[in-house]
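In full-length UniProt numbering, the protein residues as written are 533 to 767.
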Amino acid sequence: TEEMIRRSEKLSVIGQLAAGVAHEIRNPLTTLRGFVQLHQTKGTLSKAYLDIMLDELDRINFIISEFLVLAKPQVTAVSDVDVRETLRALVVLLDSEAGLSGVNIETDYNTDQPYVRGEANQLKQVFLNVMKNAIEAMPGGGRLTIALGAEGADRIAVRFADTGVGMSEETLRRIGEPFFTTKEEGTGLGLMVSQQIVANHKGDLRIDSAPGAGTTVEILLPCIGQAAPSLPGEA
Ligand code: ADP
Ligand code: MG
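As structure tokens, then:
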């Protein structure tokens, strides 16, 4: 249950991911082709079919956007990112969605050094993915606590702790695999993209979770003004 998992070793999987993307896109394309054929022979498509077609097109579009984030080799548009401000903005964005499922978001921003050198939009995407997962893990309500603090002299830690369903051992083992999801509407790409982005920023993403005991996702990032530590075995 105390299993803290380091994910950086799973990251050199773009090739594997490309194969997965091709597979994930072929299924909706087959559906779309079938419906177009039906239209050719039967004449008209009902609204229900058109709705499914739109959903399938949206899904293809979403999968490709996620893939492009991953395939992008390097951090670009680097600036000094105020992580505290980023988190504040996201809490505002997600507050009503959280409220609808009875989730309270509590924050504890505890550092005078909230700056990370990096790509603002990508870091925002990581936090958004993790927060959305937390909210989705609490369909009957609960609490999401977001804590920001210093971790040693040269890193900051962002911790997202939820009181949700938690993860089975199998889920813990498999998250970060492309397209691994336990959700009916999931893509199984959120955490994989997040791990890739965090690694691009020379950070670490760790997960501590057990069934029924909630989940804590901890993201460690190098603070500004310090050289990023290079870990042994890193390319
Ligand atoms: P998705 O959200 O589309 O399923 P993710 O990569 O974001 O894809 O997450 C993969 C899986 O990890 C989820 O389907 C879920 O089983 C598990 N997971 C992620 N975050 C949490 C969490 N906070 N609590 C419980 N399970 C989680
Ligand atoms: Mg997700």
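Cβ coordinates follow ideal geometry from the N, Cα and C atoms, glycine included.
Check: Relative to the alpha-carbon of residue 619, which residue among 652, 632 and 589 has its alpha-carbon at the smallest distance?
Finding: 652 is the residue among 652, 632 and 589 whose C-alpha sits nearest the C-alpha of residue 619.
Margin query: Only counting the same chain, and skipping five residues up and downstream in sequence, which positions put a Cβ closer than 8 Å to that of residue 756?
Written below: 612, 645, 647, 648 and 649
Note to self: Tell me the residue span of the beta strand (DSSP E) that contains residue 578.
What the structure shows: Element bounds for residue 578: n/a, residue is neither H nor E.
Note to self: Could you tell me which whole beta strand (DSSP E) segments of length 3 or greater appear in the segment 669-714?
What the structure shows: The beta strand (DSSP E) runs lying completely inside the segment 669-714 and spanning 3 residues or more are 674-683 and 687-694, given in chain order.
Note to self: What does DSSP give as the partner residue(s) for residue 650 in the beta ladder?
What the structure shows: Its beta-bridge partners are 611.
Notebook entry, point to check: In the DSSP assignment, what residue or residues form a beta bridge with residue 636?
Noted result: DSSP output for residue 636 lists 675 as bridge partner(s).
Notebook entry, point to check: What is the residue span of the beta strand (DSSP E) that residue 721 lies within?
Noted result: No beta strand (DSSP E) contains residue 721, which DSSP labels as neither H nor E.
Checklist line | residue 686 versus residue 744: straight-line alpha-carbon distance, rounded | finding: Each residue's Cα considered, the two are about 34 Å apart.
Margin query: Please state the DSSP three-state secondary structure of residue 667.
Written below: helix
Next item on the list: Could you please go through the chain and list the residues whose beta-carbon is closer than 5 Å to any non-hydrogen atom of the ligand MG?
Entry: 665 and 722
Margin query: So, at 7 Å on beta carbons, what are the nonlocal neighbours of residue 581 in its own chain, with the 5 sequence-adjacent residues on each side left out?
Written below: 567
Note to self: Could you check whether the Cβ of residue 656 sits closer than 8 Å to any heavy atom belonging to the ligand ADP?
What the structure shows: When distances are taken from the beta-carbon of residue 656 to the heavy atoms of the ligand ADP, even the shortest one reaches 8 Å or more.
Check: Cβ-heavy atom distance between residue 718 and the ligand ADP below 8 Å?
Finding: yes
Next item on the list: Classify residue 554 as buried or exposed, calling it buried when 16 or more other Cβ atoms lie within 10 Å of its own Cβ.
Entry: exposed
Check: Cβ of residue 597 versus every heavy atom of the ligand ADP: is any distance shorter than 8 Å?
Finding: no
Notebook entry, point to check: Does the count of Cβ pairs from the segment 692-703 and the segment 745-755 closer than 8 Å reach three?
Noted result: Touching, yes.
Note to self: Taking the straight line between their C-alpha atoms, what separation do you get for residue 673 and residue 572?
What the structure shows: 47 Å
Margin query: Within a Cβ cutoff of 6 Å, which residues of the same chain sit near residue 679, ignoring the five residues on either side of it in sequence?
Written below: 640 and 691
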